[in-house]
DNA sequence: AAGTGGTCTAGACCACGTC
DNA sequence: ACGTGGTCTAGACCACTTT
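Chains as they are written, first to last, in our numbering: chain A, 608 to 849; chain B, 608 to 849.
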């Protein structure tokens with residue numbers, strides 16, 4: 608039998624798309640509550656159960672956060688719980704202190720082969736490169752080199768980075784309205800080169816984790832490419848396999 | 608106000624526990640279909656929707672697999688799609704060939720400090736240690752050293768490992784009725800020692816990924832502890848952050 | 001045609017947080 | 001007391017697979 612509707616999409620997915628579009632358009636800001644399920648059901652002329660299923664999926668994707676008795680909220684990187692969603696590094700001695708981000712450098716350049724491919728932008732398009740150090744309990748543990756599309760981050764400067772107390776993604780969200788949704792990391796083992804060994808205060812040649820990350824915002828659009836070098840003398844990368 | 612029921616558990620979670628127990632007791636084997644939602648609803652005297660919600664959660668946890676029109680099936684490591692659920696290593700050139708497992712050694716020992724802590728067994732309890740090589744397209748990429756509680760794997764031998772064509776977890780499931788449910792990996796960067804460098808055919812001192820994994824079966828019981836050394840010259844560890 | 005999981009609805013009631 | 005999300009039910013209908 609021929610399929611009647613090869614592009615069949617259940618109602619709750621269509622509702623999900625509509626909510627997603629409202630989210631993307633900035634109708635509700637990160638951290639704020641979205642309308643109640645009843646209100647959304649009325650707005651879209653469907654039952655509450657259908658709205659519920661749409662929100663369920665979005666909550667599972669960390670786009671929304673449900674709080675019984677209070678409402679449903681737009682997920683935000685300002686929420687401290689969101690920090691370790693993307694940073695999987697854990698101290699071996701179980702110390703739970705928050706890491707400190709120290710900007711080292713920030714300059715503008717043109718996208719080369721690799722950056723243009725990873726960020727999905729044209730060769731030679733303006734980009735911003737940030738180097739920064741991550742410290743746990745004052746000890747340097749990670750050196751990051753971060754590549755950003757220039758047109759998405761207008762006015763990003765070294766001073767702006769220094770002035771910000773919080774995570775980078777928190778800054779991106781607050782200053783540029785850009786929400787990081789998901790990321791993909793490619794991990795390899797490499798030997799520390801000269802400049803890295805100095806920054807991390809380890810001997811040259813020390814094995815380090817090389818963590819390359821591409822981060823996506825709404826619509827699976829890549830907006831960050833970074834390479835981090837992790838010292839694993841006193842920390843490890845923790846991954847849960849389900 | 609004092610909470611009326613501090614141990615409140617919704618009905619669908621109780622149903623989930625009952626299905627879990629049936630699964631654990633081996634009432635339905637891996638790969639087989641479980642009863643239909645209607646049958647389970649009748650068996651537990653609840654509505655189909657409640658059973659559905661219980662199964663939904665278990666499907667999200669990769670314990671069950673739903674197939675529209677056919678039924679709901681017990682997840683199995685014999686399913687080839689399950690292989691890369693725990694093995695996150697990907698060739699850099701996108702070659703999708705399946706890895707080949709080559710057993711190197713298998714012997715019995717008594718649990719030391721670390722093994723007893725990781726496996727949750729007594730110091731000196733019998734364990735089995737397996738060393739094996741993983742090859743992608745004939746090239747050696749991973750050396751694993753695997754620690755197993757002896758009483759859970761009676762009769763496991765080097766010959767049994769050699770005779771098996773398939774993944775280790777597939778063997779464990781088929782031969783010992785042990786289903787691996789979830790795992791936790793701790794990743795660090797280390798330098799290749801003498802014996803590892805020979806097995807992986809890389810120079811001594813080459814940076815390698817050290818991947819320590821604890822694997823759990825039903826009831827969060829640890830039943831495997833392994834340490835893998837990954838050569839990342841032509842492969843990388845891929846991790847999706849959602 | 002029959003059986004399975006998947007969707008959608010409408011209504012009742014519960015648990016939680018706030019006023 | 002009220003509004004929110006969370007649970008549970010019962011029934012109708014849809015999509016997919018097999019007989």
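Backbone N, C-alpha and C define an ideal beta-carbon position, used for all residues, glycine too.
A quick note: this is a predicted structure, and the numbers were derived from the prediction, not measured.
In the DSSP annotation of this structure, the continuous segment of the beta strand (DSSP E) that includes residue 797 of chain B starts and ends at 789-798. For residue 748 of chain A, no alpha helix (DSSP H) segment is defined; the enclosing uninterrupted segment is the beta strand (DSSP E) at 746-756. Pairwise C-beta distances place the region 806-825 of chain A in contact with the region 833-842 of chain A, as three or more of them are shorter than 8 Å.
In the three-state reduction of the DSSP assignment, residue 717 of chain B falls in the strand class, which pools E and B. Close to chain B, meaning a Cβ-Cβ distance shorter than 7 Å, are the following residues of the region 650-672 of chain A: 668 and 669. If you look at residue 738 of chain B, you'll find it in the beta strand (DSSP E) that goes 733-743. The alpha carbon of residue 755 of chain A has as its nearest neighbour, out of A:729, A:642 and A:770, the alpha carbon of A:729. Using a Cβ-Cβ cut-off of 7 Å, residue 811 of chain B does not count as an interface residue toward chain A, since no Cβ of chain A sits closer than that to its own.
With respect to residue 693 of chain B, residue 740 of chain A sits apart: the two C-beta atoms are not nearer than 7 Å. Under the 10 Å beta carbon count, residue 705 of chain A is surrounded by fewer than 16 other beta carbons and is classified as exposed. For residue 823 of chain A, no CB of chain B lies under 7 Å from its own CB, so it is not counted at the interface with that chain. Look at residue 793 of chain B: its C-beta is under 7 Å from a C-beta on chain A.
Each residue's CA atom was taken as its position, placing residue 653 of chain A and residue 786 of chain A some 28 Å apart. At least one C-beta of chain B is nearer than 7 Å to the C-beta of residue 847 of chain A.
Along the region 771-785 of chain A, there is no position whose C-beta sits under 7 Å from a C-beta of chain B. If you look at residue 650 of chain B, you'll find it in the alpha helix (DSSP H) that goes 644-651. Where residue 815 of chain A is concerned, the enclosing beta strand (DSSP E) starts and stops at 814-824. The region 621-708 of chain B contains, as complete alpha helix (DSSP H) runs of 4+ residues, the segments 644-651, 655-667 and 690-693 (chain order).
Residues of chain A whose Cβ lies closer than 8 Å to the Cβ of residue 691 of chain B do not exist, since the nearest Cβ in that chain is about 11 Å away. Annotated three-state conformation of residue 831 of chain B is strand, per DSSP. Contact between residue 814 of chain B and residue 823 of chain B does not hold, since the beta-carbon distance rounds to 29 Å and is not under 8 Å.
Only residues of its own chain outside the window of five on either side were considered, and among them 733, 734, 735, 736 and 757 have a CB closer than 8 Å to the CB of residue 715 of chain B, listed in chain order.
Taking the Cα positions, residue 759 of chain B is about 36 Å away from residue 702 of chain B. The Cβ neighbour count for residue 724 of chain B, taken over all protein chains shown within 10 Å, is under 16; the residue is labelled exposed. Cβ contact annotation for residue 842 of chain B (same chain, cutoff 6 Å, sequence separation greater than five): 696, 698 and 748, in chain order. Classified as buried, residue 751 of chain B has 16 or more neighbouring CB atoms from the shown chains inside 10 Å of its CB.
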